[in-house]
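Residues in the sequence shown are numbered consecutively from 250, following this note's numbering. Virtual Cβ for every residue (Gly too), placed ideally from N, Cα, C.
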Amino acid sequence: MSLWFGASGFFELTKNPVVWDITRQLGYPPHFIYILGVFKLSGVLVLLLPNRLLRLKEWVFAGMFFDIIFAFFSKIAVLGSAATIDAVVAFIVLSVTYIMFRKLYSPDLIFGEA
250 MSLWFGASGF
260 FELTKNPVVW
270 DITRQLGYPP
280 HFIYILGVFK
290 LSGVLVLLLP
300 NRLLRLKEWV
310 FAGMFFDIIF
320 AFFSKIAVLG
330 SAATIDAVVA
340 FIVLSVTYIM
350 FRKLYSPDLI
360 FGEA
């Protein structure tokens, strides 16, 4: 997921024509694309820090889920169902990654309830 979102964030910040054309076609303004890129790269950095900022990692996962869900519905509304394959794959991979994260770290460690 870090590679997926890292590449996506990088492409958004560097105005990759393919990413920008699709995102603009979906109706999102340029300033939103830059903000999305910054948040994606920041989230990837947080996820790559081992054993640190566990509660913040929970928020990063939530943000990634929101990003994928919004991408799915935006693509279905504008481009049709065939364009949603990447969002479905990303959702499945992110779900598995989050489940593994939760198995690795107990809620006591994440939320400080010990």
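Every alpha helix (DSSP H) stretch that sits fully inside the segment 257–287 and reaches 4 residues is listed by chain position as 266–274. In the DSSP assignment, residue 346 falls within the unbroken alpha helix (DSSP H) covering 334–353. Excluding five sequence positions before and after residue 251, the CB atoms of its chain that fall closer than 8 Å to its own CB belong to 293, 296 and 297, given in chain order. In the DSSP assignment, residue 329 falls outside any alpha helix (DSSP H) and carries neither an H nor an E. Three or more Cβ pairs closer than 8 Å define a contact, and the segment 270–282 meets that threshold against the segment 316–335.
Contact annotation, residue 359 with residue 304: C-beta distance approximately 6 Å; criterion of less than 8 Å satisfied.
Residue 343 is a Cβ neighbour of residue 317, given a cutoff of 8 Å. Under the three-state reduction of DSSP, residue 302 is assigned to coil, being neither helix nor strand. In terms of CA proximity to residue 290, 258 leads the group 258, 315 and 353. The beta carbons of residue 253 and residue 339 sit about 6 Å from each other, so the pair counts as a contact at 8 Å.
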